[in-house]
Structure formats: structure tokens, C-alpha cells
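Please read the structure below before turning to the comments.
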Amino acid sequence: MPAYAIAQLHDVVPGADIAEYLMRVDETLPPFEGRFLIHGATPEILEPGWTGNIVVVAFPDIEAARAWYESPAYQAILPLRTRNLRSTVFLIDGVKDGYQARDFAAQLMP
Numbered sequence: 712m713p714a715y716a717i718a719q720l721h722d723v724v725p726g727a728d729i730a731e732y733l734m735r736v737d738e739t740l741p742p743f744e745g746r747f748l749i750h751g752a753t754p755e756i757l758e759p760g761w762t763g764n765i766v767v768v769a770f771p772d773i774e775a776a777r778a779w780y781e782s783p784a785y786q787a788i789l790p791l792r793t794r795n796l797r798s799t800v801f802l803i804d805g806v807k808d809g810y811q812a813r814d815f816a817a818q819l820m821p
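Residues 712 to 821, numbered by my numbering, are exactly what the sequence shown covers, in order.
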């Protein structure tokens, strides 16, 4: 099942650290089959409550996503990001091909 690393970014301070992070982050992804789906885009807000920008990285499964985040290569560059913006970052499982919302609804029925 696919999994995703999702980051909500706030108050980005552009500069040398962020530029270095961006130059190095791509090389951390291939060992874990990670790929950017969304990077730095500003969402079109349709319902209130969201602020900031979003980054979404896809992985083949949650184990690969966790291994990427915890990898020495990523941990080495992480401070370049965290010193220069506020963020909320999380890992989350996706859904299997063919998933429908009614599949989840069935779990809610008594």
C-alpha cells in the first residue's frame, strides 16, 4: 500500500540553508523509492482552516517512508529545513487501488 510523507510549511525564511536543503533532498529519496507529488505549491483554499504550503512525497509503503525520514542522509540535512521554517510533518498510509469510501463506511455501521 502506498504511503506519504506530508509537510505543511509556514514562515519559510529563504536563504543559503533552504537552498542547500533543496539541492540535497532529491538524493535522499531514490534508496526508498520516494518521489515528489507536490512540492512547495500554494493550495487553492476551498474551505477555511488551512495555511501555508504543502509538500507530499510518495513511497511504496509506510516502512519505506519511515526509513527515508530516519535515514542518516535525510537526518543530516533536516536541520537546514527546521532552522528556517515552521512545519508539521507526518507519515500516512494511502489506500489500495480500487478503494471506495463505502469500504470505510462499512466499518462504521453497527
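Idealized CB from N, CA, C, for every residue including glycine.
Per the Cβ contact rule, the segment 740-755 is not in contact with the segment 795-811 (fewer than 3 Cβ pairs under 8 Å). DSSP places F747 inside the beta strand (DSSP E), whose first and last residues are 746-752.
When DSSP states are grouped into helix, strand and coil, Q811 belongs to the coil group. Annotation: the continuous beta strand (DSSP E) that includes D804 extends over 797-804. Your pair G805 and Y715 checks out as a contact, with CB atoms roughly 6 Å apart and the cut at 8 Å. Contact between L796 and V724 holds, with the beta-carbon distance rounding to 6 Å and staying under 8 Å.
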